[in-house]
Amino acid sequence: DTEVTQTPKHLVMGMTNKKSLKCEQHMGHRAMYWYKQKAKKPPELMFVYSYEKLSINESVPSRFSPECPNSSLLNLHLHALQPEDSALYLCASSQPSGRAAYNEQFFGPGTRLTVL
Amino acid sequence: GENVEQHPSTLSVQEGDSAVIKCTYSDSASNYFPWYKQELGKRPQLIIDIRSNVGEKKDQRIAVTLNKTAKHFSLHITETQPEDSAVYFCAATTRGTGNQFYFGTGTSLTVIP
Numbered sequence: 001d002t003e004v005t006q007t008p009k010h011l012v013m014g015m016t017n018k019k020s021l022k023c024e025q026h027m028g029h030r031a032m033y034w035y036k037q038k039a040k041k042p043p044e045l046m047f048v049y050s051y052e053k054l055s056i057n058e059s060v061p062s063r064f065s066p067e068c069p070n071s072s073l074l075n076l077h078l079h080a081l082q083p084e085d086s087a088l089y090l091c092a093s094s095q096p097s098g099r100a101a102y103n104e105q106f107f108g109p110g111t112r113l114t115v116l
Numbered sequence: 117g118e119n120v121e122q123h124p125s126t127l128s129v130q131e132g133d134s135a136v137i138k139c140t141y142s143d144s145a146s147n148y149f150p151w152y153k154q155e156l157g158k159r160p161q162l163i164i165d166i167r168s169n170v171g172e173k174k175d176q177r178i179a180v181t182l183n184k185t186a187k188h189f190s191l192h193i194t195e196t197q198p199e200d201s202a203v204y205f206c207a208a209t210t211r212g213t214g215n216q217f218y219f220g221t222g223t224s225l226t227v228i229p
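For the record, the sequence lines run as chains A and B.
Throughout the first sequence, residue numbering follows the working numbering, covering 1 to 116 in sequence.
Throughout the second sequence, residue numbering follows the working numbering, covering 117 to 229 in sequence.
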């Protein structure tokens, strides 16, 4: 399996809702990432997990809460979001640095999030 | 940290012509440079990459060149086709930076039939 999968594909939520985004990979990668992407802009890194431990948090607001329950799964819990949080949320995976010389990242299809 | 600049931001070419997208980076320790293609509504897909110990790499109609001294790398697409129309992102990373990719701002390529 050489794919990163994400669910749901689309999500519409109100500012008071709690929802979760899910990401899964079975490539044996031990680094997983959450990115936020606005239209025609580059992906913005949010979080990096390496060996199931949070290694990078790019000063993301606490209304976004990541979780890595095991080496294949990555979740992003959402609570009290703002309309400006509407974006495409991409998950990616790779081998962590130190394990391979170079870190090719594989992206999932993304979740299109709309906050009303 | 690393800073990656990408030019042009938009590019239109006639079908069959070549397209060139250029990126510069600031950190001389960067050693891996991937290029991603993103079609509308789809995920970024790796189309070609180059390591810092190589000056050029080619895959059919796509090639990437790297000039470490000048700290720039370029994507070359020959014999462009309408299906090449997409947004292209360059990136740079350094082993040991916690797997962080630094992306360029993107180039929207339109191939006119």
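Using N, Cα and C, we set each Cβ at its ideal position, and we do this for glycine too.
Everything numeric in this text was worked out from a predicted model, so none of it was measured.
Give the C-beta separation of residue i and residue j to the nearest angstrom, bearing in mind that I take them to be a contact with Cβ-Cβ under 8 Å.
i             : j              : result
A31 (chain A) : S72 (chain A)  : Wrong, their Cβ atoms sit about 12 Å apart, outside the cutoff.
K40 (chain A) : S128 (chain B) : At roughly 15 Å, the Cβ-Cβ gap does not stay under 8 Å, so K40 (chain A) and S128 (chain B) are not in contact.
M15 (chain A) : Q82 (chain A)  : 7 Å
For a quick check, are the C-beta atoms of residue i and residue j less than 8 Å apart?
i              : j              : result
K138 (chain B) : S190 (chain B) : yes
D175 (chain B) : I166 (chain B) : no
K173 (chain B) : A179 (chain B) : yes
E118 (chain B) : Y204 (chain B) : no
Q25 (chain A)  : V4 (chain A)   : yes
S86 (chain A)  : L113 (chain A) : yes
Among the candidates the options, whose CA atom is the shortest distance from the CA of residue i?
i              : options                           : result
P109 (chain A) : A:L21, A:C91 and A:V48            : A:C91
S201 (chain B) : B:N119, B:V120, B:A135 and B:H123 : B:A135
S50 (chain A)  : A:H29, A:E104 and A:S62           : A:H29
V48 (chain A)  : A:P42, A:K41 and A:I56            : A:I56
W34 (chain A)  : A:L76, A:L116 and A:P83           : A:L76
Q197 (chain B) : B:E131, B:F217, B:K187 and B:T209 : B:E131
G171 (chain B) : B:Y148, B:E155, B:I193 and B:G157 : B:Y148
N103 (chain A) : B:E195, B:L162, B:T140 and B:H123 : B:L162
E67 (chain A)  : A:A80, A:K22, A:Q6 and A:E84      : A:K22
A145 (chain B) : B:T185, B:T226, B:S125 and B:H123 : B:T185
M27 (chain A)  : A:P8, A:L54, A:L116 and A:P96     : A:P96
L156 (chain B) : B:N215, B:A208, B:E199 and B:D133 : B:E199
T194 (chain B) : B:V227, B:T210, B:W151 and B:E121 : B:V227
T7 (chain A)   : A:L74, A:E84, A:E52 and A:H79     : A:L74
Which bits of chain B does residue i rub up against, with CB to CB less than 8 Å?
i             : result
L21 (chain A) : Within 8 Å Cβ-Cβ: nothing; L21 (chain A) doesn't reach chain B, min ~14 Å.
S94 (chain A) : N215
N57 (chain A) : Simply none; closest approach about 11 Å.
A31 (chain A) : N215
Which chain A residues are close to residue i, counting only those with a beta carbon under 9 Å from its beta carbon?
i              : result
K174 (chain B) : Going along chain A, no residue has its Cβ under 9 Å from K174 (chain B), so there is no contact; the nearest lies around 18 Å.
G222 (chain B) : K40, K41 and P42
What do you get for residue i, buried or exposed, if any count of 16 or more other CB atoms within 10 angstroms of its CB means buried?
i              : result
P69 (chain A)  : exposed
N169 (chain B) : exposed
R159 (chain B) : buried
G222 (chain B) : buried
K38 (chain A)  : exposed
E58 (chain A)  : exposed
N183 (chain B) : exposed
I209 (chain B) : With the sequence shown as reference, residue 209 (chain B) is identified as Thr, and Ile is not the correct amino acid for it. Flag for T209 (chain B) reads buried.
K18 (chain A)  : exposed
K36 (chain A)  : buried
Run through chain A and tell me which residues come within less than 7 Å of residue i, C-beta to C-beta.
i              : result
L191 (chain B) : Those do not exist, as L191 (chain B) stays about 15 Å from chain A at its closest Cβ, beyond 7 Å.
T209 (chain B) : N103
For a contact meaning CB atoms closer than 8 Å, what does residue i contact in chain A?
i              : result
P160 (chain B) : P43, L90 and F107
V203 (chain B) : K40
Could you list which residues in chain B have their beta carbon closer than 7 Å to that of residue i, in chain order?
i              : result
G119 (chain A) : Because chain A is modelled from 1 through 116, residue 119 (chain A) falls outside the range shown and cannot be assessed.
Confirm the yes/no value for this check: CB of residue i, any heavy atom of the ligand FMN, distance under 7 Å.
i             : result
C23 (chain A) : Questions concerning the ligand FMN fall outside what the structure shown contains, since it holds no ligand whatsoever.
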